[in-house]
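Residues 1 to 499, numbered by our numbering, are exactly what the sequence shown covers, in order. One structure below.
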Amino acid sequence: MFRKVLVANRGEIAVRVIRALKELGIASVAVYSEVDRAALHVRMADEAIAIGPADSRESYLNISRILEAAKRTNAEAVHPGYGFLSENAAFAQACTDAGLVFIGPSAASIRGMGSKTAARALAREAGVPTVPGAAGAVTSLAEALAVAQEVGYPVLLKAAAGGGGKGMRLVQAEEEMEAALRDAAGEAERAFHDARVYIEKAVGRPRHIEIQVLGDQHGNLIHLGERECSLQRRHQKVIEECPSPLMREYPELREQMGQAALRAASAAGYYNAGTVEFLVDDQRNFYFLEMNTRLQVEHPVTEWVTGLDLVHEQLRIAAGGRLALRQEDVRWQGSALECRIYAEDPENQFFPSPGRITRLERPAGPGVRVDSGVYLGWTIPMEYDPLIAKLSVHAATRDLAIARMRSALEEYSVDGVKTTIGFFHHILQDEEFAAGRLHTGFLADYFARRATPEVAPEVEEVAALVCALDAARGNGAPRGSMKNTQSLWRQLGRERSFR
Ligand code: MV4
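In structure tokens:
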């Protein structure tokens, strides 16, 4: 095992990794930018090295500064966390070239899955279902029109270098194609310096279900089941859970999707922790979407239900060890939920609300876990993702997990910044949520169900997609009245005040 590991990240995930290192008797090195001098991850690590200014391009994304810090502290390995450099093939390669172990998959796996068209081709060749569409990037308007004609409208244009919804455009009819191609390519160019886009048939009201995989460098590869991540707002996950409510009704689906994920991962020569994302339609057809070649934000729900520690596994795998268990040893017990609690103002379109935390009371008790990178008196910087904590719970059943989450949220109290805690109270009381009827348009529908006139732009964006997809499925009833989130929250605030 390693003696010393550098954690190339900040916030709750750096804290999470540092805890695992401590437990395994491995010394930890934190890195920090100017505004993170007093951050929790810096306080918790055995050593800490300043790597530059607040702008992450000059600190947490600066490969040479991080390698320098590793060299200076004699670290043997680098854990990249999620975000920042975690899916940067050049960084993984640079670590290896500098004689450091990158705690993740090979640079080749990262590169292969980084191109969404290459990943799609790889999955398809491995016998994993992909959404009907073009094999590679489209090269002309004529080709785009031909593909769309063949698979049928509506179609989605997606950035080949993308992922996460950037550069995505819905095209509902032929006459929209030219402008949509131009917009999608422009957005892809600005976001990824790569204007290539590809086409997929749009799947209506899909669920987003992902499979956690784990592989060692000796060819062993297992899956740890699914996470349901359908609850998203503007392509940001809001609540994640394990198991997916769908698997209760159709338990064979876990094994089918699990095997498909293993085929995709195996084709990529994958080792370490990874996630294969799928869309699942209302007929329970599943389609490969992309593969994330990192530890994910929502890994705690899988840890709750499988009893494994994914960071321990990552460390053992990176050090050349073997997986601690075989597929048949994996058991799924109970139900787990995770809420991403942000310093954002739900009454003002989830506008970021960084600032100093002047009061902090956190929930505790059986089956309650808080992953956080903040402390009382700390100022959440405006330069980064304003995540306060991931609150996760585990209980015997989904109903009990929901009840446990609700009481944990009641115990949670944060002053000094606006938070999304109150918003979760409302979602968790929702009957559609309780029934497990989840899909990627859920939150847009949720706002719409409770709304009066006026349309919020961010709701409109998702709702337009959902609506178009509905129409395509033949039940094209116009959506009910949409509403400005601001007035929605004012209305909800009358029912119950936010904290
Ligand atoms: C789709 C889709 C429907 N059909 N692809 C959005 C982000 C990116 N990772 C994939 N996304 C989607 N791809 C096809 N062919 C609908 C979405 C989508 C979505 C997916 C997952 C979670 C939330 C979403 C919200 C809107 C659209």
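Glycine included, each C-beta is placed from N, C-alpha and C at the ideal position.
- For V301, the uninterrupted alpha helix (DSSP H) run begins and ends at H299 to T306, by DSSP.
- Looking at the backbone, the Cα of I211 and that of V155 are separated by about 25 angstroms.
- By the Cβ test, the segment 437-446 is not in contact with the segment 285-301, since fewer than three Cβ pairs between them sit closer than 8 angstroms.
- At a cut-off of 8 angstroms, the beta-carbon of M177 does not count as near the ligand MV4: no heavy atom of the ligand is closer than that.
- At the C-beta level, R326 and V128 stay beyond 9 angstroms of one another.
- The beta carbon of V29 sits closer than 8 angstroms to those of K4, V5, L6, V7, A45, D46, E47, A48, I49, A69, A70, T73 and A75, all from its chain and outside the five residues before and after it, given in chain order.
- Boundaries of the alpha helix (DSSP H) around T96: A89 to D97.
- Per DSSP, reduced to three states, the secondary structure at Q232 is strand.
- Judged by DSSP secondary structure, T117 falls within the alpha helix (DSSP H) whose first and last residues are K116 to E125.
- Put simply, the segment 412-420 touches the segment 344-351. At least three CB pairs are less than 8 angstroms apart.
- With at least 16 other beta carbons inside 10 angstroms of its own, E313 counts as buried.
- In the three-state scheme derived from DSSP, where H, G and I count as helix and E and B as strand, N74 is classed as coil.
- Within its own chain, the residues whose Cβ lies closer than 6 angstroms to the Cβ of S244, once the five positions on either side in sequence are excluded, are I209, E226 and E228, listed in chain order.
- L360 and E241 have their alpha carbons spaced roughly 25 angstroms apart.
- When the beta-carbon positions are compared, A185 and A173 stay at least 9 angstroms from each other.
- The shortest C-alpha to C-alpha distance from G152 to any of K158, A159 and A144 is the one to A144.
- For E361, the enclosing beta strand (DSSP E) has its first and last residue at R359 to E361.
- For N62, the CB contacts under 8 angstroms within the same chain, skipping 5 residues up- and downstream, are I51 and G52 in chain order.
- Here the C-alpha atom of E252 lies approximately 22 angstroms from the C-alpha atom of G274.
- In the displayed model, I63 falls within a helix according to three-state DSSP.
- Counting the other Cβ atoms within 10 Å of the Cβ of A343 gives 16 or more, which makes it buried.
- The beta carbons of P381 and D36 sit closer together than 9 angstroms.
- Under DSSP, T275 shares a beta bridge with Q212 and N292.
- The C-beta distance from D371 to R16 rounds to 6 angstroms, short enough to fall under 8 angstroms.
- Counting along the chain, the unbroken beta strand (DSSP E) around S392 starts and ends at L387 to A395.
- Between L438 and R207, the C-beta spacing is below 9 angstroms.
- At the C-beta level, L214 and L323 come within 9 angstroms of one another.
- A heavy atom of the ligand MV4 is found nearer than 8 angstroms to the CB of S230.
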